[in-house]
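Student:
Set out below in structure tokens:
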């Protein structure tokens with residue numbers, strides 16, 4: 170089926186659904202519209218039902234391709250040129266934030282998922298992002314099992330998979346919010362993810378998705394996730410709550426974005442600034458401080474240096490020097506703490522671009 174034929178068939182089908190019959194005048198108008206835009210590999214198409222929306226085909230295609238690329242990197246390569254995803258931009262002018270979706274099949278075995286965006290000017294981009302992801306996941310599930318219904322993931326886990334693919338800036342901020350829930354005793358246990366009607370908090374849900382992906386790291390294992398029953402054993406094997414929490418806690422010192430430091434990362438770091446028991450303990454603290462400073466912003470590295478100088482004085486047995494340098498470091502820590510009480514994150518300022526000669 171050609172791209173134009175694909176577009177015409179889908180649009181006629183949508184019109185037929187809306188009116189109960191094919192509108193011949195509408196078909197004539199559609200034939201004069203610009204054809205759909207397609208991704209480089211032919212797995213995504215974006216068409217329009219009115220010429221007024223023709224210029225939006227390209228940005229919507231870029232958006233859809235970005236969703237696919239991110240999800241493919243985080244989970245599994247997605248998209249199939251033999252059964253492409255078609256996004257149709259509608260002609261609605263009223264404020265419509267939602268989208269509709271359907272599947273189309275032909276007697277020769279061709280299948281296609283279609284997302285209809287009634288008004289691309291007002292659509293909820295988060296909903297569109299999730300619908301694109303869901304369509305791509307369902308298509309892969311159909312390819313593996315022969316049925317779109319084979320995907321058993323609940324809607325919140327599809328959203329979590331999308332969130333898990335957003336990149337490290339989102340991940341860094343989400344980790345801190347999820348870690349706050351851990352400190353409050355509100356961090357979800359494994360049973361919370363599998364309870365009927367579950368709606369776990371968004372941030373820990375994203376990290377739960379990452380954990381599930383990691384535990385099924387081989388391609389075959391991740392493909393199996395698409396059609397597995399939504400139950401702990403097929404998704405997690407023998408993992409328990411202790412393993413889930415340990416995996417999450419192990420990311421406490423992860424530098425998701427080089428050159429940044431969040432408020433809760435700083436708070437956890439400050440809790441480790443103990444008074445050394447002896448020279449060996451001070452040396453251990455120096456090693457810990459050095460490792461903690463890697464990838465952090467300059468202002469934090471400067472603060473780390475002050476503590477390193479204090480602990481180094483302790484190692485040499487110079488109590489007076491230790492007391493003076495520790496007081497200086499603690500004062501500087503208080504200033505940085507004040508800054509972080511106002512902003513949840515500090516980061517290095519990128520260097521200014523040097524004008525080309």
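Residue numbers (this note's numbering): 170 to 526. C-beta: ideal position from N, C-alpha, C; glycine also.
Tell me the rounded alpha-carbon separation between residue 512 and residue 464.
Tutor: Within the chain shown, numbered from 1, the residue matching residue 512 stands at position 343. Within the chain shown, numbered from 1, the residue matching residue 464 stands at position 295. Distance between the alpha carbons of residue 512 and residue 464: 19 Å.
Student: Is residue 290 buried or exposed, if buried means 16 or more other CB atoms sit within 10 Å of its CB?
Tutor: Counting from one through the chain shown, the residue named residue 290 turns up at place 121. With fewer than 16 Cβ atoms within 10 Å of its Cβ, residue 290 is classed as exposed.
Student: Starting from the N-terminal side, write out each stretch of the alpha helix (DSSP H) that is 4 residues or longer and does not extend beyond the segment 311 to 397.
Tutor: The segment 311 to 397 contains these whole alpha helix (DSSP H) runs: 324 to 333, 337 to 352, 359 to 363, 371 to 384 and 388 to 396.
Student: Just the C-alpha distance for residue 450 and residue 425, rounded to the nearest angstrom, thanks.
Tutor: Here residue 450 is taken as the residue at index 281 of the chain shown, counted from 1. Here residue 425 is taken as the residue at index 256 of the chain shown, counted from 1. Each residue's alpha carbon lies about 29 Å from the other.
Student: For a quick check, are the C-beta atoms of residue 375 and residue 408 less than 8 Å apart?
Tutor: Mapped onto the chain shown, residue 375 falls at position 206. Mapped onto the chain shown, residue 408 falls at position 239. Cβ distance not < 8 Å, so residue 375 and residue 408 don't count as in contact.
Student: Do you know offhand how far residue 493's Cα is from residue 516's?
Tutor: Locating residue 493 in the chain shown gives position 324, counting from the first residue. Locating residue 516 in the chain shown gives position 347, counting from the first residue. Each residue's alpha carbon lies about 29 Å from the other.
Student: Return the chain-ordered list of same chain residues with a C-beta closer than 7 Å to the C-beta of residue 337, the five sequence neighbours on each side being excluded.
Tutor: As a position in the chain shown, residue 337 is number 168, starting the count at 1. Cβ within range, chain order: 425 and 426.
Student: Which residue marks the beginning of the alpha helix (DSSP H) containing residue 473, and which one marks its end?
Tutor: Position 304 of the chain shown, counting from 1, holds the residue named residue 473. Run containing residue 473: 467 to 485, per the alpha helix (DSSP H) assignment.
Student: For the putative contact between residue 308 and residue 350, defined by C-beta atoms under 8 Å, what is the C-beta separation to the nearest angstrom?
Tutor: Here residue 308 corresponds to residue number 139 of the chain shown, with the count starting at 1. Here residue 350 corresponds to residue number 181 of the chain shown, with the count starting at 1. Actually they do not touch by this definition, with Cβ atoms about 34 Å apart.
Student: Is residue 284 helix, strand or coil when you go by DSSP?
Tutor: Numbered from 1 along the chain shown, position 115 holds the residue referred to as residue 284. Strand, per DSSP.
Student: Residues bridged to residue 214 by DSSP?
Tutor: Here residue 214 corresponds to residue number 45 of the chain shown, with the count starting at 1. Paired residue(s): 207 and 255.
Student: Looking at the strands, I want to know which residues DSSP matches up with residue 240.
Tutor: Residue 240 sits at position 71 when you count from the first residue of the chain shown. Note: residue 240 sits in no beta bridge, so no partner.
Student: Leaving aside the five residues before and after residue 404 along the sequence, list all residues of the same chain whose C-beta is less than 7 Å from its C-beta, in chain order.
Tutor: Indexing the chain shown from 1 puts residue 404 at position 235. Cβ within range, chain order: 381, 394 and 397.
Student: Please state the DSSP three-state secondary structure of residue 181.
Tutor: Indexing the chain shown from 1 puts residue 181 at position 12. For residue 181, the pLDDT reaches just 45, beneath the cut-off of 50, and the residue's location in the model is therefore unreliable, leaving the point undetermined.
Student: Hey, is the segment 314 to 324 in contact with the segment 225 to 237, meaning 3+ C-beta pairs nearer than 8 Å?
Tutor: Counting Cβ pairs under 8 Å, fewer than three are found: no touch.
Student: What is the DSSP secondary structure of residue 508, reduced to helix, strand or coil?
Tutor: To locate residue 508, count along the chain shown from 1; it is residue 339. Residue 508: helix per DSSP, three-state reduction.
Student: Taking the alpha carbon of residue 215 as the point to measure from, which residue in 436, 256, 488 and 221 has its own alpha carbon closest?
Tutor: Within the chain shown, the letter at position 46 stands for residue 215. Ranking the options by Cα distance to residue 215, first place goes to 256.
Student: Can you tell me whether residue 235 is helix, strand or coil according to DSSP?
Tutor: Taking the chain shown and counting its residues from 1, one reaches residue 235 at position 66. Helix, per DSSP.
Student: Could you check the C-alpha separation between residue 224 and residue 334 for me, to the nearest Å?
Tutor: Stepping through the chain shown from its first residue, residue 224 is reached at position 55. Stepping through the chain shown from its first residue, residue 334 is reached at position 165. Cα to Cα, residue 224 sits roughly 28 Å from residue 334.
Student: Take the Cβ of residue 524 as the centre, count every other Cβ of all protein chains shown within 10 Å, and call the residue buried at 16 or more, exposed below.
Tutor: Your numbering for residue 524 matches position 355 in the chain shown. Below a pLDDT of 50, predicted positions are generally treated as unreliable, and residue 524, at 46, falls in that range; no measurement from the model is reported.
Student: Going straight from the alpha carbon of residue 565 to that of residue 222, what length do you get?
Tutor: This structure gives no information on residue 565, because the portion of the chain shown stretches from 170 to 526.
Student: For residue 262, write down the residues that DSSP places opposite it in a beta bridge.
Tutor: Locating residue 262 in the chain shown gives position 93, where the first residue counts as 1. According to DSSP, which records beta bridges pairwise, residue 262 is partnered with nothing at all.
Student: Measuring CB atoms only, is the segment 479 to 487 touching the segment 504 to 511, in the sense that at least three cross pairs come out at less than 8 Å?
Tutor: Segments in contact, no.
Student: Look up residue 301 in the DSSP assignment and say whether it is helix, strand or coil.
Tutor: Counting from 1 along the chain shown, the entry for residue 301 is found at position 132. Correct three-state label for residue 301: helix.
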